[in-house]
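Chemist:
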Amino acid sequence: MGRKQKLRQERKIKNKNPTPPAVVTTAPEGTVEGIPSEAALTAIVKEIDSVFPKSNEFVQAMDTQIINGDKHYKLDNFEQCVLVKQGATKHGCVHSMRFMDVTLRKRSTTTEGHCNPMFMHLAHPWLLEGAIRGSFRCIMTLIGEYYCDHAEPNRNADVLIDYWGKIAHNANSRLPNLALNALKDEIERTCVICSKTDTKTLTLQQCIGCSFHCYCSETCQTIHWKEHNHRGECKQLRILNKYHKPYAKAIRDAAIRGDKEIPSLEKLRYKLGLTRPLEDYQELIDYNTHDGKAINPKDYVVAREDGTVWVGSIPSSPIGT
Ligand SMILES: [Zn+2]
Ligand SMILES: [Zn+2]
Numbered sequence: 001m002g003r004k005q006k007l008r009q010e011r012k013i014k015n016k017n018p019t020p021p022a023v024v025t026t027a028p029e030g031t032v033e034g035i036p037s038e039a040a041l042t043a044i045v046k047e048i049d050s051v052f053p054k055s056n057e058f059v060q061a062m063d064t065q066i067i068n069g070d071k072h073y074k075l076d077n078f079e080q081c082v083l084v085k086q087g088a089t090k091h092g093c094v095h096s097m098r099f100m101d102v103t104l105r106k107r108s109t110t111t112e113g114h115c116n117p118m119f120m121h122l123a124h125p126w127l128l129e130g131a132i133r134g135s136f137r138c139i140m141t142l143i144g145e146y147y148c149d150h151a152e153p154n155r156n157a158d159v160l161i162d163y164w165g166k167i168a169h170n171a172n173s174r175l176p177n178l179a180l181n182a183l184k185d186e187i188e189r190t191c192v193i194c195s196k197t198d199t200k201t202l203t204l205q206q207c208i209g210c211s212f213h214c215y216c217s218e219t220c221q222t223i224h225w226k227e228h229n230h231r232g233e234c235k236q237l238r239i240l241n242k243y244h245k246p247y248a249k250a251i252r253d254a255a256i257r258g259d260k261e262i263p264s265l266e267k268l269r270y271k272l273g274l275t276r277p278l279e280d281y282q283e284l285i286d287y288n289t290h291d292g293k294a295i296n297p298k299d300y301v302v303a304r305e306d307g308t309v310w311v312g313s314i315p316s317s318p319i320g321t
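The numbering of the sequence shown is UniProt numbering, which starts it at 1 and goes up by one.
#1: Terminal residues of the continuous beta strand (DSSP E) containing Asp70?
#2: Could you round the C-beta distance between Leu268 and Leu128 to whole angstroms and report it? I think they count as a contact, below 8 Å.
#3: Taking 7 Å as the cut-off, does the CB of His228 come closer than this to any heavy atom belonging to ligand 2?
#4: Compute the beta-carbon to beta-carbon distance between Cys93 and Phe58, rounded to the nearest angstrom, for a pair I have assumed lies under 8 Å.
#5: In whole angstroms, what separates the C-alpha of Arg133 from that of Ala250?
#6: DSSP state of Ala248, grouped into three classes?
#7: Taking its Cβ as the centre, do 16 or more other Cβ atoms sit within 10 Å of Gly307, making it buried, or is it exposed?
#8: Near His228, what residues of its chain come up, given a Cβ to Cβ distance below 6 Å and the 5 sequence neighbours on each side ignored?
#9: Going straight from the alpha carbon of residue 324 to that of Thr89, what length do you get?
#10: Between Ala254 and Pro246, what straight-line distance do the alpha-carbon atoms span, to the nearest angstrom?
#11: Looking only at its chain, what residues have a beta carbon closer than 7 Å to the beta carbon of Pro125, apart from the 5 residues adjacent to it on each side?
#12: What would DSSP say about Pro117, mapped onto helix, strand or coil?
#13: I believe Val302 touches Ala157 by the beta-carbon criterion, under 8 Å. Please report the beta-carbon distance rounded to the nearest angstrom.
#14: At what residues does the beta strand (DSSP E) containing Thr64 begin and finish?
#15: Taking 7 Å as the line, does the beta carbon of Tyr215 fall inside it for any heavy atom of ligand 1?
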């Protein structure tokens with residue numbers, strides 16, 4: 001189901017009933033000029049993700065009933081959120097992790113019917129948890145709805161889009177390279193700050209950390225590193241390259257088998273900051289403020305300066321350093 005269609009549906013339900021259980025539909029197939037439509041892509045990714053075990057909590061949260069000829073979830077959004085959080089925390093259920101984003105962000109629509117970004121920073125760590133376990137639906141949402149924000153320079157995460165796009169494409173060739181689709185304007189070598197290109201007298205220098213971005217000068221590199229927080233995404237990429245990439249397949253296989261203990265996954269979670277103690281970011285959760293100042297949650301979804309996440313998921317004792 002396309003995003004617009006979803007929004008229309010959510011608006012429709014909202015008007016009908018102030019505390020509605022959502023209507024359940026299945027995504028239609030379809031392609032546009034050989035490129036899978038969003039709906040078709042969702043259907044492919046959904047099928048690929050079906051190999052992951054579903055926790056009882058997720059199954060219970062998805063339970064439906066027929067009301068006036070329409071299929072509705074039996075539980076309301078809040079009840080589903082509580083259940084899938086348990087499914088994610090207790091069983092590492094990737095379906096629950098993805099649904100955390102649905103309950104926190106997609107269902108929480110504004111009066112205009114748009115997705116509510118108010119809890120985006122709280123949903124993000126759950127999508128990342130799903131992504132590192134190899135859930136393609138989580139990866140697709142991160143790329144398409146979290147890392148593509150060009151409204152403010154510090155929200156954009158081209159380097160992470162590139163990383164996750166390649167991970168998904170290499171793992172399953174049925175998926176188009178999502179990174180290429182999302183980054184089609186970035187392929188040419190230009191200075192990411194001032195758009196200068198290579199000339200006879202100027203050779204752009206690549207960022208040593210990611211080899212992705214190019215700069216015409218140290219000045220442009222410093223602006224990108226500090227003001228645009230490339231530092232955060234570049235360091236997160238380094239963590240992913242070192243602690244995720246070599247283990248990605250093994251972690252995914254273990255998650256599909258339903259292994260309870262996956263040491264490489266625990267180490268990665270620690271390195272990404274997903275296991276940080278709750279006190280570290282309690283204020284961001286409880287008040288949507290940071291050091292007493294109101295935040296825009298969209299600014300809190302990529303990475304902190306050291307590459308770790310702003311908000312963790314499951315605080316737990318660190319394994320390894
Ligand atoms: Zn420049
Ligand atoms: Zn870099």
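C-beta: ideal position from N, C-alpha, C; glycine also. Keep in mind that this is a model prediction, so the values were computed, not measured.
Modeler: Put simply:
#1: Translated into the one-based positions of the sequence shown, residue 70 becomes position 70. Run containing Asp70: 70-73, per the beta strand (DSSP E) assignment.
#2: Reading the sequence shown from its first residue, position 268 is the one you call residue 268. Reading the sequence shown from its first residue, position 128 is the one you call residue 128. Not really, about 10 Å apart at Cβ, beyond 8 Å.
#3: Along the sequence shown, one-based indexing puts residue 228 at 228. No, the beta carbon of His228 sits no closer than 7 Å to any heavy atom of ligand 2.
#4: The residue labelled residue 93 in the question sits at position 93 within the sequence shown. The residue labelled residue 58 in the question sits at position 58 within the sequence shown. About 5 Å; that satisfies the 8 Å criterion.
#5: Against the sequence shown, residue 133 aligns to sequence position 133. Against the sequence shown, residue 250 aligns to sequence position 250. Each residue's Cα considered, the two are about 9 Å apart.
#6: Stepping through the sequence shown from its first residue, residue 248 is reached at position 248. Correct three-state label for Ala248: helix.
#7: The residue you call residue 307 lines up with position 307 of the sequence shown. Gly307 comes out buried.
#8: Here residue 228 corresponds to residue number 228 of the sequence shown, with the count starting at 1. Answer for His228: Pro153, Asn154, listed in chain order.
#9: In the structure as shown, the chain starts at 1 and stops at 321, and residue 324 therefore has no counterpart that could be examined.
#10: Against the sequence shown, residue 254 aligns to sequence position 254. Against the sequence shown, residue 246 aligns to sequence position 246. Cα-Cα distance, rounded: 14 Å.
#11: To locate residue 125, count along the sequence shown from 1; it is residue 125. So the qualifying residues of the chain are Leu274, Val309, Val311, Gly312, Ser313.
#12: Residue mapping note: residue 117 aligns to position 117 of the sequence shown, counting from 1. Helix, per DSSP.
#13: Mapped onto the sequence shown, residue 302 falls at position 302. Mapped onto the sequence shown, residue 157 falls at position 157. Indeed, because the Cβ distance is near 5 Å, the residues count as touching under 8 Å.
#14: Working through the sequence shown from its first residue, we reach residue 64 at position 64. 64-67 is the extent of the beta strand (DSSP E) around Thr64.
#15: Within the sequence shown, numbered from 1, the residue matching residue 215 stands at position 215. Yes, the Cβ of Tyr215 comes within 7 Å of a heavy atom of ligand 1.
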